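Heads up, the sequence shown is in my numbering, so the first residue is 773 and it goes up one at a time.
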Amino acid sequence: MMSVSGETFASWATHVTRCSNPTFNRVVDRLWSNPSLQKSVLAVLSGITKTIQDQNGKESGSEYYAVLLSLLNTESNTKTAEAYLLQLVVSKAVPARLLRSKCAEATKTITNVLSAALKEDIIDTILCKSLLVSLGRILAAQPTDEWSSESLRHTYRIFFQFIEHENATLRRTAQKMIAHLLIFTVSAEDDFHPLCHRTILHVCKNIRQQYSELSGLIRTTDTGCGRLLYNLSLLKSIICLIPEKDVKT
773 MMSVSGETFA
783 SWATHVTRCS
793 NPTFNRVVDR
803 LWSNPSLQKS
813 VLAVLSGITK
823 TIQDQNGKES
833 GSEYYAVLLS
843 LLNTESNTKT
853 AEAYLLQLVV
863 SKAVPARLLR
873 SKCAEATKTI
883 TNVLSAALKE
893 DIIDTILCKS
903 LLVSLGRILA
913 AQPTDEWSSE
923 SLRHTYRIFF
933 QFIEHENATL
943 RRTAQKMIAH
953 LLIFTVSAED
963 DFHPLCHRTI
973 LHVCKNIRQQ
983 YSELSGLIRT
993 TDTGCGRLLY
1003 NLSLLKSIIC
1013 LIPEKDVKT
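This is the structure:
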């Protein structure tokens, strides 16, 4: 990558990628502190843009979304870059109606890649964080009446795996996505998200279990206290989003 900065880099990166979609400005506007990742992201973005342009596409967020999902479904050594770009486009440029219609396909792809990443000896934090954000944004776009689906609820429970995760970035990301999803309501007629009750039950169960374990110890451990504090932190951030009957319970 060129050792340039400011307008020179932005001009060079824009020329290389030929990307005109402003969703990806943060990729081309400035140098990153992680140049190897940025180089990979620029290469993937350039390839996707060329694919879309060759098909006479308009470089819309929807087009990038479709290509990125397809890429994530294939073997490659650029999964981190692909997931990062997916996070950007899902968060900023994909219409809610498309996030709903492609929910099953997208969540299956994301969870498969996430599952594979978590089996590695060294967890790729950027990859997993990007996938969690994309998954959270997609789930948040689903109508409240769709949450009767056990498949959708099962996908949501993936976030529960990270509430106490030792990786602080993934833990904070999962908790942020849980809160975001509970805040977001598609229908103005619904006061609370259908997952509020399930979430509060899970968090409170964790708190009771960890408190019980700590109470039985002569000397507490940082790990035990940490798990309790992580759940209390999540409870603090979502308690205002919970129906009064659940708070009393």
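Cβ coordinates follow ideal geometry from the N, Cα and C atoms, glycine included.
Just so we're clear, the structure is a prediction, and the values are computed from it rather than from any experiment.
E835 classed as buried or exposed, judged by whether at least 16 other C-beta atoms fall within 10 angstroms: Flag for E835 reads buried.
Ordered list of alpha helix (DSSP H) runs contained in the region 977-1017, each at least 4 residues: Taken in chain order, the complete alpha helix (DSSP H) segments of 4 or more residues contained in the region 977-1017 are 994-1010.
CB-CB length for L886 against L860, believed under 8 angstroms: Not a contact, Cβ separation roughly 17 angstroms.
Pair within 8 angstroms by beta-carbon distance, I955 and L1013: For the pair I955 and L1013, the CB atoms are nearer than the 8 angstroms cut-off.
Residue from T823, R929, S923, A940 with nearest C-alpha to R790: Taking only the C-alpha atoms, the option nearest R790 is T823.
Cα-Cα separation between A888 and L841, rounded to whole angstroms: Within the model, the alpha-carbon separation for A888 versus L841 is close to 16 angstroms.
Closest residue to S923 among T879, F931, R909, N884 (Cα-Cα distance): Comparing Cα-Cα distances from S923 to each of T879, F931, R909, N884, the minimum goes to T879.
8 angstroms contact criterion, which A913 and R872 should meet: CB distance rounded: About 6 angstroms separates the two Cβ atoms, so the contact holds.
Whether R943 touches H937 by CB criterion (8 angstroms): The criterion of a C-beta distance shorter than 8 angstroms is satisfied by R943 and H937.
Straight-line gap, Y856 to N939 (C-alpha atoms, nearest Å): When rounded, the distance between both Cα atoms is 18 angstroms.
H965 classed as buried or exposed, judged by whether at least 16 other C-beta atoms fall within 10 angstroms: By the neighbour-count criterion, in which a residue is buried when 16 or more other Cβ atoms sit within 10 angstroms of its Cβ, H965 is buried.
Rounded Cβ spacing between A951 and S1009 (contact assumed at less than 8 angstroms): Yes, they are in contact, since the Cβ atoms of A951 and S1009 sit about 5 angstroms apart, within 8 angstroms.
Where Q827 falls, given that 16 or more other Cβ within 10 Å makes a residue buried: Label assigned to Q827: exposed.
Anticipated Cβ contact below 8 angstroms, M949 with F931, distance rounded: Confirmed, Cβ separation roughly 6 angstroms.
Within the region 818-870, ranges of the alpha helix (DSSP H) (whole runs, at least 4 residues): Whole alpha helix (DSSP H) segments, 4+ residues: 833-844, 851-864.
W804, DSSP secondary structure in three states: Coil, per DSSP.
C900 burial status per 10 Å Cβ neighbour count (16 or more: buried): C900 counts as buried, since at least 16 other C-beta atoms from the protein chains shown sit within 10 angstroms of its C-beta.
Residue closest to S812, alpha-carbon to alpha-carbon, out of L967, K851, R798: Cα-wise, what sits closest to S812 is K851.
Backbone CA spacing between S792 and I935 [nearest angstrom]: Each residue's Cα considered, the two are about 38 angstroms apart.
Exposure label - Q981; buried when at least 16 CB within 10 Å: By the neighbour-count criterion, in which a residue is buried when 16 or more other Cβ atoms sit within 10 angstroms of its Cβ, Q981 is exposed.
CA-to-CA distance, L809 to A865, given in whole angstroms: Cα-Cα distance, rounded: 22 angstroms.
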